[in-house]
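First the structure, in the form of structure tokens, and then the observations on it.
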Amino acid sequence: MSVQYHEDDRGQRLLNIFPEVDGQVNITHVNSTSHIVAWHKHILQTDYWFCPKGSFKVGLGVPQQDGSVKVEWEYISDKNHKVLTIEPGIWHGYMALQPESIMMYYLTHKYNPKDEWKTPPGSFGEDWGVVNK
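Numbering (my numbering), first residue to last: 62 to 194.
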């Protein structure tokens, strides 16, 4: 079985690297620091994000009891090794802080477009510090 590949202005993605696992393992190679890949959320799937090269600013949109969304920022890099766990229902997105940054991520379920809700950057009044292109 071959690995799936997708490329657009934001970067290149290798998808479903290990198709035999229950979830899905993907790698994203981001060339640009002027693209924001946000916002989306899942109801079923948990994401685990890790940065083996470069650095990322990660936005987490946490739903509040009053219906608003509170944006929290995390930073992951090859100098700040940690795995971000993104639970179902949390809006999330990212932007590379360095060209040629790489993100590796594990999804607990195979990608299902019916389990993905999207809204554009700025939807929660947040400031990414860059104009999205």
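The C-beta atom is built at its ideal place from N, Cα and C for all residues, glycine as well.
If only uninterrupted beta strand (DSSP E) runs of at least 3 residues are considered, those enclosed by the segment 78 to 135 are 85 to 91, 98 to 102, 108 to 114 and 116 to 124. Comparing alpha-carbon positions, the option among A99, E161, K175 and G120 lying closest to G72 turns out to be E161. It is roughly 11 Å from the alpha-carbon of T107 to the alpha-carbon of K171. Of the residues assessed, Y166 falls on the buried side of the cut-off, its CB having 16 or more other CB atoms within 10 angstroms. Q126 sits exposed, since fewer than 16 C-beta atoms from the chains shown fall within 10 Å of its C-beta. At the C-beta level, I88 and M164 come within 9 Å of one another.
In the structure shown, K171 falls within a coil segment according to DSSP collapsed to helix, strand and coil. Taken atom to atom, the span from the alpha-carbon of W189 to that of K175 is near 27 Å. With fewer than 16 other Cβ atoms inside 10 Å of its own Cβ, V82 counts as exposed.
Taking 9 Å as the cut-off, the beta carbon of F111 is found closer than this to the beta carbon of H142. Leaving aside the five residues that flank T180 on each side, the residues in its chain whose CB is nearer than 6 Å to its CB run, in chain order, W100.
The DSSP-derived three-state label of D176 is helix.
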